[in-house]
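Engineer: Please read through the structure below; I'll follow up with questions.
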Amino acid sequence: MSQDNRAAAVQGDVSATWNSSAAGAAERVGVIDIGSNSIRLVVYDGLTRSPLALFNEKVLCGLGRGVEKSGLLNPDGVAQGLAALERFATLAQGMRVGRLDVIATAAVRDARDGAAFVDAIRRRAGLTVRVISGEEEARLSAMGVLSGTPGADGLVGDLGGGSLELVTLDRGVIGKQVTLPLGPLRLMEVGASKGGPVKLIDQHLESLPWLSTMKGRPFYPVGGSWRAIAKLHMEQSGHPLHIIHHYTIPTADAREFSGLVGRQSRSSLEKMAGSRRRLDTLPFAGLVLERLLRIAQPSKLVFSAYGLREGHLYSLLSPEGQREDPLMASAADWARRFVRMGDPALLMSWTAGLFAGEDDNAIRLRHAACLLSDVGWADHPDYRAEHAFLRVLRYPFPALDHDERAFLALAAHARYSGTIDVPLTAPVRTLVSEGQGMKALVLGLALRLAHTLSGGATALLERTSLKVGDGRIVLTLPDDGSVPAGEAVQRRIDALAKAMNVKGDVVQPLRPQAAE
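Everything in the sequence shown is counted per UniProt numbering, starting at 1 for the first residue and increasing by one.
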């Protein structure tokens, strides 16, 4: 497929998303996840391809503490959990949540008094709980990864308090799946004497011969304990972007670091930055990760902030909804809310001539930048560049690696300030190559020119064109004067030409004189 055809396909998909009905987003959707260690309520703005979390609260009840030995849920956790669930039910009602799904996993599934707990939840909080099997838990975790990383290829691992779910993905297709009793709360009951946890972990993992087929492919960790390890690694390595989703670590580094966490005492972990609420479980989470990496030998770790809850919502979408690009859906939704221009997709075709030879992903990123090009218009002029940069950088966009996120943020900064070379952006610029940084600058300058030229009016921009060739970049205006040139326009084209190391011209043909 040619570059023009690829760009048209992307633009067509996003235009369909842009023009689609927002009816599905009108009803808020909530999910309560009753896990072995925590109970969490998340309320989303609707059942869409890229739902936005409006409310997110968890309570660390530790329901699964003691289940391995006693077979019963932790009594203190039951009391705390019932109180939390009663509060969550009331909140959901007050927030006018149209659909509230309650899902329980390993602890409730395995405990002898799990059914009694479910009944108590119904009586006290008025909630109907669906207790899912280990296989279903694994499937939903994998679907969660796919919702935030379309086409993921490799191994998914979701570590909860009571179990570890492992699922293979073959370019987006779910394959083998298994649930193992290797959650940190269970391992804490095994004890550390004579290497008990290590032997148990290895025994279960070595019983899965298909793990060896994952060698050299990515591993996608999911779950609060592994996210806490990722945060610790960010702090220790000085990573400039504290966003879990798509945080990537080479396997050798991850194995060394997880092994280090697995050997730390509580007092040692307290000296490290990160979640203090998981200090008891972190060493066991690190131990499971280190042993899994030793056996599976993946190419790298790509952390996913999307798990069971997002997988559940993803499973409710139509096949057509699941096939949407979540980044495009999210960017288009943001543009509908905050951007002045009618359909910013026009900017995609207007800037296409500046970027010959783009591959599919480069086209996709440029389109996202076009959709987000006007996010700072309502801010104070002195802070537009800063606010646009930070919003794009930190917004919970799915399906973005950290270097791609940095690219979009830098383009947003250049769109408002004309530069990316400021102290604010310096740490983030280390995430992109010199070539990508220059492309972000050129794209931002082109978007800056487009908005100056048209004032955000689609009809005006459609009457102009921007072409590159023979060492020149030429902005052509209509001959009827409906899109006037001016000093600001000239400054913008000069800045763009300088960044591209070419000459810049503004051409406004003379209007033909009517015959006498």
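Glycine is no exception: its CB is placed at the ideal position from the N, C-alpha and C atoms.
Can you say whether Lys-215 is buried or exposed, counting buried as having 16 or more other CB atoms within 10 angstroms of its CB?
Structural biologist: Under the 10 Å beta carbon count, Lys-215 is surrounded by fewer than 16 other beta carbons and is classified as exposed.
Engineer: Phe-355: beta carbon under 8 Å from a heavy atom of the ligand MG?
Structural biologist: With respect to small molecules bound, the structure shown includes none, and the ligand MG cannot be examined in it.
Engineer: Compare the beta carbon distance of Leu-41 and Val-31 with 9 Å and say whether it is the shorter of the two.
Structural biologist: Taking 9 Å as the Cβ cut-off, Leu-41 and Val-31 qualify as a contacting pair.
Engineer: What is the rounded straight-line gap between the Cα of Pro-381 and the Cα of Arg-492?
Structural biologist: Spanning the two alpha carbons is a distance of roughly 17 Å.
Engineer: Spatial neighbours of Gly-376 within its chain, please: CB distance less than 6 Å, with the 5 preceding and 5 following residues excluded, ordered by chain position.
Structural biologist: Arg-384, His-387, Ala-388 and Tyr-416
Engineer: Given this structure, state the Cα-to-Cα distance separating Gly-24 from Glu-320, to the nearest angstrom.
Structural biologist: In this prediction, Gly-24 scores a pLDDT of 42, lower than 50, which makes its location untrustworthy; no coordinate-derived value is stated.
Engineer: DSSP three-state call for Ser-373: helix, strand or coil?
Structural biologist: coil
Engineer: Going by CA-CA distance only, name the one from Gly-259, Val-302 and Arg-266 that's closest to Glu-290.
Structural biologist: Gly-259
Engineer: Just to confirm the assignment, what range does the alpha helix (DSSP H) spanning Glu-434 have?
Structural biologist: 434-454
Engineer: Let me check one thing: in DSSP terms, what residues is Pro-326 bridge-paired to?
Structural biologist: Pro-326 pairs with nothing; no bridge assigned.
Engineer: Quick check on the burial criterion: 16 or more other C-beta atoms within 10 angstroms. Buried or exposed for Ala-488?
Structural biologist: exposed
Engineer: When the Cα of Arg-340 is compared with those of Gly-157, Ala-152, Gly-81 and Ala-457, which residue comes out closest?
Structural biologist: Ala-457
Engineer: Nearest-angstrom Cα distance between Lys-58 and Leu-466?
Structural biologist: Roughly 51 Å separates the two Cα atoms.
Engineer: Roughly how many angstroms separate the alpha carbons of Val-422 and Glu-404, rounded to a whole number?
Structural biologist: 19 Å
Engineer: Leu-269 to Ala-335, Cα distance in whole Å?
Structural biologist: Leu-269 and Ala-335: Cα-Cα distance of roughly 42 Å.
Engineer: From this set, Leu-241, Gly-35 and Val-43, which residue's C-alpha is nearest Val-118's C-alpha?
Structural biologist: Gly-35
Engineer: Pick out whichever of Pro-427, Gly-455, Ala-79 and Gly-126 has its Cα sitting closest to the Cα of Leu-100.
Structural biologist: Gly-126
Engineer: For the alpha helix (DSSP H) that contains Gly-224, what are its first and last residues?
Structural biologist: Element bounds for Gly-224: 224-237.
Engineer: Short of 7 Å in beta carbon distance, which residues of its chain neighbour Val-190, apart from the five on each side in sequence? Order them along the chain.
Structural biologist: Gly-196, Pro-197 and Leu-200
Engineer: What is the DSSP secondary structure of Arg-139, counted as helix, strand or coil?
Structural biologist: helix
Engineer: Assign Asp-470 to buried or exposed, taking buried as 16 or more other Cβ atoms, counted over all protein chains shown, within 10 Å of its Cβ.
Structural biologist: exposed
Engineer: Are the Cβ atoms of Tyr-247 and Pro-398 separated by less than 9 Å?
Structural biologist: no
Engineer: Phe-284 and Leu-187 - do their beta-carbons sit closer together than 9 Å?
Structural biologist: yes
Engineer: Is Val-502 helix, strand or coil when you go by DSSP?
Structural biologist: coil
Engineer: Kindly identify the DSSP beta-bridge partner or partners of Asn-37.
Structural biologist: BP columns for Asn-37 are empty, so no partner.
Engineer: Taking C-alpha atoms, which residue in Val-102, Asp-76 and Gly-77 lies nearest to Phe-88?
Structural biologist: Val-102
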